[in-house]
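Quick note on this note's numbering: the sequence shown kicks off at 1 and runs consecutively.
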Amino acid sequence: MRTLMMVASCLGAMITSTAFADDAMERLQRTIAQVCAQPASATAPALDATMLYALTDCQQGKKPNFMMGTLHSSDAGIIKSIEFIVPYLDASDATWFEILEDEHSAQQVVRLMFLPMEDKEGLKGLLGEKDFAQFVALVQNESPTLSEYHLTRYRPWAAAIMLQLLAIDTSGVVMDDWLQNQARHSKKPIHALETIQEQFSMFDAFSVSEQLIMLRDAMTQFDDQKRFTKEMMDAYRQGNLQNVADIGQKVMDALPDKNLAAKLKNKTLTVRNIRMMDKMRQDFKKGGQFVAVGALHLPYAEGLLAHAQRDGYRIVPIAKP
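Right, dumping it as structure tokens:
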């Protein structure tokens with residue numbers, strides 16, 4: 001069923017004509033020529049009009065690279081808002097995603113998110129009976145089919161993430177899958193910026209007590225998190241990366257333990273951004289690379305766009321027509 005949904009999504013999204021694609025690339029080349037005719041600037045690129053950016057080193061005859069911010073959602077309006085990126089993906093030579101979405105990776109994720117079976121008490125034993133009952137009530141109010149036994153197998157950090165994801169529509173084909181379907185349809189090589197182990201190893205830096213603080217904060221701020229998520233989805237539909245970044249910062253600022261919040265941002269964004277940029281830097285020198293990564297990885301002084309700019313690339317925003 002998952003495969004059929006992915007195929008249907010892919011076929012339904014192939015709506016871009018060759019003429020439109022050629023026109024989009026011609027407009028971009030003219031814009032790049034204008035940008036490259038000006039002296040390089042250390043000013044950060046505008047982030048209020050798009051989720052897609054061209055990165056060029058201004059070498060004649062070399063294709064630009066592309067970097068887009070994604071959102072883990074299957075909301076139809078969200079997916080609609082990014083359909084304009086297809087010509088740029090089609091014009092690229094290779095694609096990059098955080099991780100490769102397939103059945104094997106899904107199985108790996110499940111293994112890493114769940115406590116070992118020999119841990120008989122599970123999350124209930126770690127969280128305490130009263131707090132665990134509150135956690136179950138919050139989850140089952142949003143997703144009644146999840147059993148108490150199933151929920152007690154989650155690691156504390158995974159339970160905290162689950163509460164965040166409950167506010168997002170992931171019932172259909174999520175954006176990451178949709179984009180990888182586009183890449184497969186275009187017969188583009190697909191590379192992973194991280195392995196599953198690399199992505200989830202960031203949580204090894206947090207002790208069980210820190211993970212429990214994160215989970216209890218997620219429970220206490222559940223309604224606020226739903227509001228933040230709605231605001232972020234609205235900002236994403238509008239193509240306003242700056243607002244998405246500001247909302248992401250508000251989420252961090254809402255955490256009572258400021259040291260833990262700083263550590264969380266460092267491990268989930270800063271450290272991973274360095275690793276991602278290191279992994280694709282050599283291929284970027286060739287040009288023609290299309291990168292799709294969570295939107296919060298792009299902005300901030302330690303974001304991927306800033307890394308690319310420090311590497312000498314001009315950043316050209318590509319607004320939705």
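Don't be surprised by glycine CBs; every beta carbon is placed ideally from N, CA and C.
The C-alpha of Lys230 lies about 31 angstroms from the C-alpha of His191. Under the three-state reduction of DSSP output, Ala106 falls in the helix class. Note on Arg314: 16 or more other CB atoms within 10 angstroms of its CB, so buried under the neighbour-count rule. The distance from the Cβ of Met276 to that of Leu304 is about 7 angstroms, consistent with a contact at the 8 angstroms cut-off. For Asn65, the enclosing beta strand (DSSP E) starts and ends at 65-70. Under DSSP, Gly294 shares a beta bridge with Thr70. Under the DSSP definition of a beta bridge, Pro317 partners with Tyr53.
If one requires a minimum length of 4 residues, the alpha helix (DSSP H) runs lying completely within the segment 233-275 are 241-253, 258-265, in chain order. Annotated as proximal: Pro299 and Leu47, with beta-carbon spacing under 7 angstroms.
Of Arg310, Gly239, Asp169, the smallest CA-CA separation from Ala42 is found for Arg310.
Residue environment: Pro87 is assigned as buried (16 or more neighbouring CB atoms within 10 Å of its CB, all protein chains considered). In this structure, Leu89 places its C-beta atom within 7 angstroms of the C-beta atom of Phe290. When DSSP states are grouped into helix, strand and coil, Ala218 belongs to the helix group. Around the CB of Gly312, fewer than 16 other CB atoms lie within 10 Å, so the residue is classed as exposed. Of the candidates Val35, Asp119, Phe97, Asp119 places its Cα closest to the Cα of Tyr154. Restricting attention to Ala301, Thr70, Cys36, Asp57, the CA atom closest to the CA of Val174 is found in Thr70.
About 5 angstroms separates the Cβ atoms of Ala160 and Met214, confirming a contact at the 8 angstroms cut-off.
Taking a cut-off of 8 angstroms on C-beta distances, the segment 246-257 does not touch the segment 179-187, as fewer than three cross pairs fall below it. By alpha-carbon distance to Ala94, the top candidate from Gln107, Met219, Lys188 is Lys188. For the options Trp178, Val244, Met25, the alpha carbon positioned closest to that of Ala76 is the one of Trp178. Per DSSP, reduced to three states, the secondary structure at Gln60 is coil, with no helix or strand assignment. From the listed residues Glu129, Ser171, Thr170, the smallest Cα separation to Leu151 is found for Glu129.
DSSP lists no beta-bridge partner residue for Trp178. Exposure of Ile274 is indicated by the presence of fewer than 16 other C-beta atoms within 10 angstroms of its C-beta. Along the segment 81-142, the beta strand (DSSP E) occurs as fully enclosed runs of 3 or more residues at 94-97, listed in sequence order.
Taking a 10 Å sphere around the C-beta of His307, we find 16 or more other C-beta atoms and assign the residue as buried. Bridge pairing for Ala24: absent [DSSP]. Around the Cβ of Tyr149, a 10 Å sphere holds fewer than 16 other Cβ atoms; the residue is exposed. Ser143 is classed as exposed because its beta carbon has fewer than 16 other beta carbons within 10 Å across all chains shown. Counting only residues of its own chain and dropping the five nearest sequence neighbours on each side, Gly287 has a CB closer than 7 angstroms to the CB of Lys62, Lys63, Pro64, Asn65.
The C-alpha of Gln221 is placed about 11 angstroms away from the C-alpha of Leu138. Gln34 carries a helical assignment under DSSP once its states are collapsed to helix, strand and coil.
In this structure, the straight-line span from the alpha carbon of His72 to that of Gly294 is close to 8 angstroms. Gly239 counts as buried, since at least 16 other C-beta atoms from the protein chains shown sit within 10 angstroms of its C-beta.
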